[in-house]
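Numbering-wise (full-length UniProt numbering), the sequence shown opens with residue 1 and increments by one. Think of the CB as a built atom: it goes at the ideal place given N, C-alpha and C, for glycine as much as any other residue.
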Amino acid sequence: MAKTGNMGDRSSDREFEEEEKRARQLESKAEKLHKEANGYAKSLREMVGAQVRMATTLEQFYDESTPIGPAYHRYKDAVTKMETQARDEVDASYRTSVLEPIGRYYAYFPEINEAIRRRNKKYLEYDHAKSKVRKLVERPSQDSSKLPQAEHEANIARDMYEALNAQLTSELPK
1 MAKTGNMGDR
11 SSDREFEEEE
21 KRARQLESKA
31 EKLHKEANGY
41 AKSLREMVGA
51 QVRMATTLEQ
61 FYDESTPIGP
71 AYHRYKDAVT
81 KMETQARDEV
91 DASYRTSVLE
101 PIGRYYAYFP
111 EINEAIRRRN
121 KKYLEYDHAK
131 SKVRKLVERP
141 SQDSSKLPQA
151 EHEANIARDM
161 YEALNAQLTS
171 ELPK
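The following block contains the structure:
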């Protein structure tokens, strides 16, 4: 951020910067949680799939005529049933109760980042307008209407910046 020299602006910027820092940390944690939750679901599916493949391979070694053959066949049936249940029940409920809410929460952050970019742009516009007024005060123009016009533009820029800054400061996720 450009330093304006007005301590009131810097203190409100510090407040916003703290809120922005918290929001960025929250975004980072949400991203990590989103990846970990998806990784958990994938690992669960892979583990169950590996068990089915292992049971299928073991079943090929023993047919029904061997003493242990029926036990391996029951094991394969149990693992196949577990895979079906995991896919139909666990995966679906995990998706609706964990993955989708985390995904919706994480999807807010691009909007938040865009609002922060807009706020930063308004801050720079406000800073530029103040600088223009300061230059006109230090070196008055021959056109006497330039200073009041620049002050008016600076006031508009300040109002827009302060409104957006206050809104974002209060609405950033905590």
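Evaluate contact between the stretch 141-158 and the stretch 57-68, counting only Cβ atoms and requiring at least three cross-stretch pairs below 8 Å.
no
contact_flag[the stretch 22-40, the stretch 49-62] where n(CB pairs < 8 Å) is 3 or more
no
Determine the extent of the alpha helix (DSSP H) in which Y94 is found, giving its start and end residues.
D91 to Y94
Classify R119: buried if its beta carbon has 16 or more other beta carbons within 10 angstroms, exposed otherwise.
buried
Would you kindly report the start and end of the unbroken alpha helix (DSSP H) that includes D127?
E100 to E138
Please confirm whether T96 has its beta-carbon closer than 8 Å to some beta-carbon of chain B.
Given the protein chain composition of this structure (a single chain), no chain B is represented.
Which residues in the same chain have their Cβ closer than 6 Å to the Cβ of Y72, if we skip the five residues on either side of it in sequence?
L58, E59 and Y62
May I have the straight-line CA-CA distance separating I112 from V79, to the nearest angstrom?
45 Å
Integer-rounded CB distance, given that L124 should sit under 8 Å from E19:
Between L124 and E19 the Cβ distance is about 19 Å, and since that is not below 8 Å, they are no contact.
Is residue 233 buried or exposed, if buried means 16 or more other CB atoms sit within 10 Å of its CB?
Absent from the model: residue 233. The displayed extent of the chain is 1 to 174, so no value can be given.
Just the Cα atoms here: how many angstroms apart are V48 and E83?
6 Å
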